[in-house]
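For the record, in the sequence shown the residue sitting at position 104 is 104 according to full-length UniProt numbering, with numbers rising by one throughout. Here's the structure we're looking at; comments come further down.
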Amino acid sequence: MALAGAALAHAAYPLLLLRAAHFTPWAAPAPRRRLLSGPPTAGEPPPPVRPPASKLADPPGVGAPEPSLPWRDAEAEILRDIEPVLQLIKDILHTDRYGDGECLSPEDENVVVEKLLGYHPRAQDKIGCGLDAIMVDRHPEFRKSRCLFVVRTDGVWIDFSYQKCLRAYLREKYPSHAEKFIREHFKRT
């Protein structure tokens, strides 16, 4: 009898394996995808239901005010910091405050030297043997553009970019926000 039971169990063994394989997840057939919209068929689960808008969190700008972003705070601080210098430079270059070839007043020169020229990437090359004055004049190649010039003690004068000075200043003082500020607020990089 024991032999008959063992033979029967051995014969049923492949059936159990086949049946077990049918229920294992890795052996389950891949779910079918519906290509056309329509009601789900009996073998497919219904699509997920989106909760009503009243149950969703308020979209940004609705309800509680959105917390201030660190970038916006930094941007506002940078603008407050450089705005007086930018306004002075625009006033010097784009109004009749100074004529072509005219040197800046001692007050304006001090601001330009301290807040701008000192941060130029090649300030030492620009100043050379010594600084005599800062002058406004037309650019030698781009005659429609007025720019600032360093007048050196040896009589040589050389132009410098106030935007290069500002970029270097921003990179030094605001290293984590400088590049984004430059991209968003300066025309050329």
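Virtual Cβ for every residue (Gly too), placed ideally from N, Cα, C.
Go through its chain and collect everything with a Cβ distance to residue i's Cβ below 7 Å, but skip five positions before and after it.
| i | result |
| --- | --- |
| Ala-123 | Leu-117 |
| Lys-115 | Val-85 |
| Gln-87 | none |
| Asp-91 | Arg-97 |
In its own chain, which residues sit with a C-beta less than 8 Å from the C-beta of residue i, not counting the 5 before and 5 after it?
| i | result |
| --- | --- |
| Val-156 | Gly-128 |
| Tyr-119 | Cys-165, Leu-166, Ala-168, Tyr-169 and Glu-172 |
| Val-113 | Leu-131 and Ile-134 |
| His-94 | Arg-146 |
Does residue i get closer than 8 Å to chain C when you measure Cβ to Cβ?
| i | result |
| --- | --- |
| Ile-82 | Chain labels in this structure do not include chain C; a single protein chain is all it has. |
Identify the residues that DSSP records as bridge partners of residue i: which are they?
| i | result |
| --- | --- |
| Phe-149 | Met-135 and Asp-159 |
| Glu-102 | Val-136 |
For residue i, which residues of its own chain have a beta-carbon under 6 Å away from its beta-carbon, when the five flanking residues on both sides are left out?
| i | result |
| --- | --- |
| Ala-30 | Its pLDDT being 48, under 50, Ala-30 is placed unreliably by the model, and nothing is read from it. |
| Leu-36 | Its pLDDT being 45, under 50, Leu-36 is placed unreliably by the model, and nothing is read from it. |
| Asp-159 | Cys-147 and Phe-149 |
From what residue to what residue does the alpha helix (DSSP H) around residue i run?
| i | result |
| --- | --- |
| Asp-91 | 70-94 |
| Phe-181 | 178-185 |
| Lys-126 | 123-127 |
Whose CA, out of the options, lies closest to the CA of residue i?
| i | options | result |
| --- | --- | --- |
| Pro-121 | Leu-170, Phe-181 and His-185 | Leu-170 |
| Thr-153 | Lys-90, Lys-126, His-177 and Phe-181 | Lys-126 |
| Glu-109 | Val-151, Ile-82 and Tyr-174 | Val-151 |
When the Cβ atoms of the stretch 124-142 are set against those of the stretch 165-175, are three or more pairs found closer than 8 Å? As far as the Cβ criterion goes, the stretch 124-142 does not touch the stretch 165-175, which means the pair count is below three.
Within the chosen definition, does the stretch 94-104 reach the stretch 68-80 through at least 3 CB pairs nearer than 8 Å? No: fewer than three Cβ pairs fall under 8 Å.
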